[in-house]
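Its first residue numbered -13, the sequence shown is counted upward by one per residue in our numbering. The C-beta atom is built at its ideal place from N, Cα and C for all residues, glycine as well. Quick caveat: nothing in here was measured; it's all calculated off a predicted structure. Structure record follows, encoded as structure tokens.
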Amino acid sequence: MDAFDLVIRNARVATAADVFSADIAVRGGIIVALGLGLPAGQREIDAAGRYVLPGGVDGHCHLDQPTGDSSRMADDFFTGTRSAACGGTTTIIPFACQAKGGSLRAAVEDYHRRAADKPVIDYAFHLIVTDPTEKVLTEELPALIAEGYTSFKIYMTYDALKLNDRQILETLAVARREGAMTMIHAENTDCIAWLTDRLLAAGCAAPHFHATSRPMLVEREATHRAIALSELVDVPILIVHVSGREAVEQIRWAQGHGLRVLAETCPQYLFLTADDLERDGFEGAKCICSPPPRDAANQQVIWDGLANGTFQVFSSDHAPFRFDGPDGKKASGADASFDKVPNGIPGLETRLPLLFSEGVNTGRLDINSFVALTATNVAKIYGLYPTKGTIAVGSDADLVIWNDRADITLTNAMLHHNVDYTPYEGRRLTAWPALTLSRGEIVWSDGEMVATPGRGRFLRRSRPGPAGVRRGGYAP
Ligand code: URP
Ligand code: ZN
Ligand code: ZN
-13 MDAFDLVIRN ARVATAADVF SADIAVRGGI IVALGLGLPA GQREIDAAGR
37 YVLPGGVDGH CHLDQPTGDS SRMADDFFTG TRSAACGGTT TIIPFACQAK
87 GGSLRAAVED YHRRAADKPV IDYAFHLIVT DPTEKVLTEE LPALIAEGYT
137 SFKIYMTYDA LKLNDRQILE TLAVARREGA MTMIHAENTD CIAWLTDRLL
187 AAGCAAPHFH ATSRPMLVER EATHRAIALS ELVDVPILIV HVSGREAVEQ
237 IRWAQGHGLR VLAETCPQYL FLTADDLERD GFEGAKCICS PPPRDAANQQ
287 VIWDGLANGT FQVFSSDHAP FRFDGPDGKK ASGADASFDK VPNGIPGLET
337 RLPLLFSEGV NTGRLDINSF VALTATNVAK IYGLYPTKGT IAVGSDADLV
387 IWNDRADITL TNAMLHHNVD YTPYEGRRLT AWPALTLSRG EIVWSDGEMV
437 ATPGRGRFLR RSRPGPAGVR RGGYAP
């Protein structure tokens, strides 16, 4: 037997279940042995007793996604994946978004062209279904699911994206029949439109009125409705970017009643509040995302939900718009009303360091929960496990050696995205990846990005695992 390509010595391996000391041997990009005193490799890395974790799987991020207006996402598949790798993420799942009136298949083909020779880490695509025509529901969507696009997102708001309840039911029925996972953006669109009109009529146009236009009841109502619609069809759903208590209560109610309702939250709901939208002048636009950040009490509810199992997934929802320039947050002008500001904030690179620093290193989260929320559960829910999301013989050697004794003051200049700000500027961090490996190749080492564009592989995904007991539903 040839020597191993690589042996990582003295690792403190953490998975979603265990923490143990081991050497990790890699051949052909795959973990081939875990053990103590493994034979030599052609290359050796000493982890020196530091944590070695599975590379992060970011199950919700937006890269080079067409916006349909004058704004443009700042990160493409090179700058976005580069940034992800430097922050310890080795797999991403951004979105191929159907244009209303357009074909879902065409959106996927276009998105493959956009990715082409750019990614430095492995990637898959979720779909976004915006126009569930007969052809989409009976031909395109089932065929794409069978080809490995096994999850899709639907929206209950945004004019260019939203589905009505009937359309949601029709789409969920396809997910049930084909075994796909549905992600739902849950906000009540008419409430938002009504509030927005009234705010603008009263001259309330500054960035912080974005939060006023989307109070938590708007999210609570839509979350409740999404749960009811999924119960009617009898299919699992995953509620994305949950911001606070009222939506959490709906989700816990559903989970307590045995409904298979999964939930995701994101860094902005732990580390930002609505007060951040009140930063001087137009600066608050940097923190405009939907749902909006809430307050300190709601941040605590989100922390509790991460620790107590309400949330299965912690994603970045990286939506990269530059602050300055003609196509970012100021696409409609430097003093545009809040409803004209592109929604979303950057976070691919900071997702894991923020949660490690403020979750694991403060004792709010144990290391196994950290791994589960940021990698293992994500890989399982979206059909990538066990190739991705764990450290096991046979899994891809996507590995991160962590420096969990760091003392870093975060600045945007440190980051590798193409966005000109981070909402977390100046925050102290105590953890950052020292080394990131993707299929056994170093992509980030001691502060240096070393990956070549185009080395990332597209991942066809299996259908999500059994998603809970089916109750029979209400449909004949
Ligand atoms: O504000 C947000 N979250 N923008 C990104 C798009 C989405 O809805 O996830
Ligand atoms: Zn969304
Ligand atoms: Zn998103």
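Check: Which residues in the same chain have their Cβ closer than 6 Å to the Cβ of R211, if we skip the five residues on either side of it in sequence?; Outcome: none
Check: Within 10 angstroms of the Cβ of H402, are there 16 or more other Cβ atoms? Answer buried if so, exposed if not.; Outcome: buried
Check: Under the rule that 16 or more other beta-carbon atoms within 10 Å means buried, what is K121, buried or exposed?; Outcome: exposed
Check: With distances taken between CB atoms, is the gap from D382 to T376 smaller than 7 Å?; Outcome: no
Check: Under three-state DSSP, which class holds S301?; Outcome: coil
Check: Taking Cβ positions, are V12 and L(-8) nearer each other than 7 Å?; Outcome: yes
Check: By Cβ distance below 7 Å, which residues in the same chain neighbour I213 in space, the five residues on each side in sequence not counted?; Outcome: Q236, A240, L245 and V247
Check: Looking only at its own chain, which residues have a Cβ that is under 6 Å from the Cβ of W271, when we skip the five neighbours before and after it?; Outcome: Inspection of the sequence shows that residue 271 is occupied by Ala rather than by Trp. So the list reads P193, K315 and V327, once near-sequence residues are dropped.
Check: Where does M400 sit, in a helix, a strand or coil, going by DSSP?; Outcome: helix
Check: Say the cut is 6 Å; is the CB of H171 nearer than that to a heavy atom of ligand 4?; Outcome: With respect to small molecules bound, the structure shown includes ligand 1, ligand 2 and ligand 3 and not ligand 4.
Check: One question on the structure: do Y37 and W430 come within less than 7 Å of each other, judged by their Cβ atoms?; Outcome: no
Check: Given this structure, state the Cα-to-Cα distance separating L149 from P277, to the nearest angstrom.; Outcome: 17 Å
Check: From A70, H112 and D151, pick the residue whose C-alpha is nearest to that of L338; which is it?; Outcome: A70
Check: Drop a sphere of 10 angstroms on the beta-carbon of P312, count the other beta-carbons inside from all chains shown, and report buried for 16 or more, exposed for fewer.; Outcome: exposed
Check: Have a look at N(-4), V287 and R238 and flag the residue whose alpha-carbon is nearest the alpha-carbon of T259.; Outcome: V287
Check: Just mark D9 as buried or exposed, buried being the case when its beta carbon has 16 or more other beta carbons within 10 Å.; Outcome: buried
Check: Let me check you understand the geometry: is the CB of D61 closer than 6 Å to at least one non-hydrogen atom of ligand 3?; Outcome: no
Check: Who does C47 pair with in a DSSP beta bridge?; Outcome: H304
Check: Label V5 either buried or exposed according to how many other C-beta atoms from any shown protein chain fall within 10 Å of its C-beta, with 16 as the threshold for buried.; Outcome: exposed
Check: Do you know offhand how far I439's Cα is from G66's?; Outcome: First, the amino acid is wrong: residue 439 is Pro here, not Ile. If I take the Cα positions, the gap works out to 11 Å.
Check: Using the Cα positions of V(-1) and L385, report the straight-line distance between them to the nearest angstrom.; Outcome: 10 Å
Check: When the Cα of G74 is compared with those of D61, G42 and R68, which residue comes out closest?; Outcome: G42
Check: Strictly by DSSP, which residues pair up with P419?; Outcome: W388
Check: From which residue to which residue does the beta strand (DSSP E) around G27 run?; Outcome: G27 to D32
Check: For T136, I'd like the list of residues in its chain whose CB is within less than 6 Å of its CB, leaving aside the five on either flank, ordered along the chain.; Outcome: A166, G369, R447 and R449
Check: How far does the beta strand (DSSP E) with M169 in it extend, from its first residue to its last?; Outcome: M167 to H171
Check: Would you say L113 and I154 are within 7 Å of each other, going by their C-beta atoms?; Outcome: no
Check: Given the structure, does G319 come close to ligand 1, in the sense that its CB is under 6 Å from one of the ligand's heavy atoms?; Outcome: no
Check: Ends of the beta strand (DSSP E) at F309?; Outcome: No beta strand (DSSP E) contains F309, which DSSP labels as neither H nor E.
Check: Considering only C-alpha positions, which residue in the set D266, R206 and R265 is nearest to R238?; Outcome: R206
Check: Are there three or more Cβ pairs, one per stretch, closer than 8 Å when the segment 261 to 270 is compared with the segment 344 to 354?; Outcome: no
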